[in-house]
Amino acid sequence: MKSKHDRRLVIVGVLAFIGVILLVATVVLTCTAFFTWLEASGGSPRLDVWEIRGELPPENASIIHLTEKDFEQHPALDSAIRGDNRGPGAWYSGDTPYGVLDERTIGSAPVTYLEREVLIESFGPDVEARNQPYIEYEGAYYYFLILIP
Amino acid sequence: MEKDKNPKSRNRLKTAGIVLACGLAGVIAVVLGFVLADALILYAYENSGGQPMFYVMERTEPGESMIVPLTEKDFERHPALAAVIRGEERNPSAWEWGYRDQRVVGGTKVSYAESKALHDAYGPQGERGLYPLMEYEGAYYVILTTWP
């Protein structure tokens with residue numbers, strides 16, 4: 001009787017041991033695989049915002065006036081224009097989507113590929129007409145580009 | 150003869166039982182492991198300080214995508230979906246920006262768990278990873294979730 005009882009205990013022990021080992025192995029392997037995949041997935045696109053000045057905007061230009069809701073819904077734009085990622089550079093004369101103008105870098109923020117698509121759909125450019133709107137906030141005009149790594 | 154056979158077949162049955170139990174324990178452990186790993190990854194993200202976002206894009210044409218009608222149950226289950234499509238988070242952009250056959254309807258901040266639930270329910274499906282189109286009051290929507 002005792003040996004039967006012992007055998008049962010051994011079987012249960014072996015089963016529990018297998019279960020625990022497999023459980024731990026699955027958790028560790030899945031987590032490791034996930035985080036390795038994340039690290040290996042490369043850099044993310046970067047949103048770069050510039051401010052432009054001069055006689056702006058020309059007649060018939062498309063202007064998007066940024067609202068608080070826009071900033072709330074697009075945290076990357078918020079952080080680049082007025083948040084932690086704002087760091088205006090010096091003014092210089094450079095190529096912009098509107099021609100050669102006085103411009104300065106305002107800030108940049110990392111975005112995901114989906115956020116990039118959402119930003120382009122929300123604030124341009126118009127892919128078909130190749131028209132870039134002027135983005136206005138508190139009297140200043142901005143444009144942005146999203147660079148893919 | 151029968152007396153000799155019985156203990157042998159009993160032993161075989163026992164061995165088969167043990168093997169089966171081992172296999173079952175293994176399968177249960179692996180499934181539990183995946184569930185636990187999933188919860189752990191979500192927990193790690195929740196504590197990472199990043200902010201997942203949820204966006205809804207409207208499309209003019211359904212194209213080849215699978216169409217799923219949105220019901221009141223969907224809105225009840227996912228308040229973020231209701232807020233963006235017909236609530237206070239609705240903030241549609243002009244059709245002319247980006248591609249003219251789609252526009253952004255709105256977006257909102259969500260938790261990682263909410264984001265995952267929305268992605269699982271309305272995200273890309275099938276081997277080709279096609280986004281299903283949600284239909285509500287004659288308009289077609291695509292649901293997007295982004296993790297920082």
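Those protein sequence lines, which keep their order, are chains A and B. Numbered per this note's numbering, the first sequence spans residues 1 to 149. Numbered per this note's numbering, the second sequence spans residues 150 to 297. Glycine included, each C-beta is placed from N, C-alpha and C at the ideal position.
| query | result |
| --- | --- |
| Once the 5 residues before and after Asp223 (chain B) are set aside, which same chain residues still bring their CB inside 7 angstroms of it? | Leu230 |
| Flag Gly154 (chain A) as yes if its beta-carbon sits less than 8 angstroms from any beta-carbon of chain B, otherwise no. | The question about residue 154 (chain A) has no answer here: the residues shown for chain A are numbered 1 through 149. |
| As an exercise, report each continuous alpha helix (DSSP H) stretch of at least 4 residues that is fully enclosed by the stretch 163–235 of chain B, in chain order. | 221–226, 228–235 |
| Can you check whether the CB of Lys258 (chain B) is closer than 8 angstroms to the CB of Met202 (chain B)? | yes |
| According to DSSP, simplified to helix, strand and coil, what is Glu151 (chain B)? | Annotation note: pLDDT 49 at Glu151 (chain B) (below 50); position unreliable, coordinate value reported separately. Helix, per DSSP. |
| Quick one: residues in its chain with C-beta nearer than 8 angstroms to the C-beta of Pro218 (chain B), no 5 flanking neighbours on either side, listed in chain order? | Met283, Glu284, Tyr285 |
| Between Glu151 (chain B) and the rest of its own chain, which residues show a CB-CB distance below 8 angstroms, the 5 nearest in sequence each way excluded? | Residue placement at Glu151 (chain B) cannot be trusted, given a pLDDT of 49 that sits under 50; what the coordinates show is reported in the next sentence. Answer for Glu151 (chain B): no residue qualifies. |
| Taking C-alpha atoms, which residue in A:Val127, A:Val100, A:Ile120, A:Pro125 lies nearest to Leu56 (chain A)? | A:Val100 |
| Could you tell me the alpha carbon to alpha carbon distance between Tyr194 (chain B) and Glu207 (chain B), rounded to whole angstroms? | 29 angstroms |
| Sorted by chain position, which residues of the same chain lie with C-beta nearer than 8 angstroms to Leu119 (chain A)'s C-beta, five sequence neighbours on each side aside? | Leu47, His74, Ala76, Leu77, Val111, Phe144, Ile146 |
| Say whether the stretch 85–94 of chain A touches the stretch 155–172 of chain B, bearing in mind that this needs 3 or more beta-carbon pairs closer than 8 angstroms, one atom from each stretch. | no |
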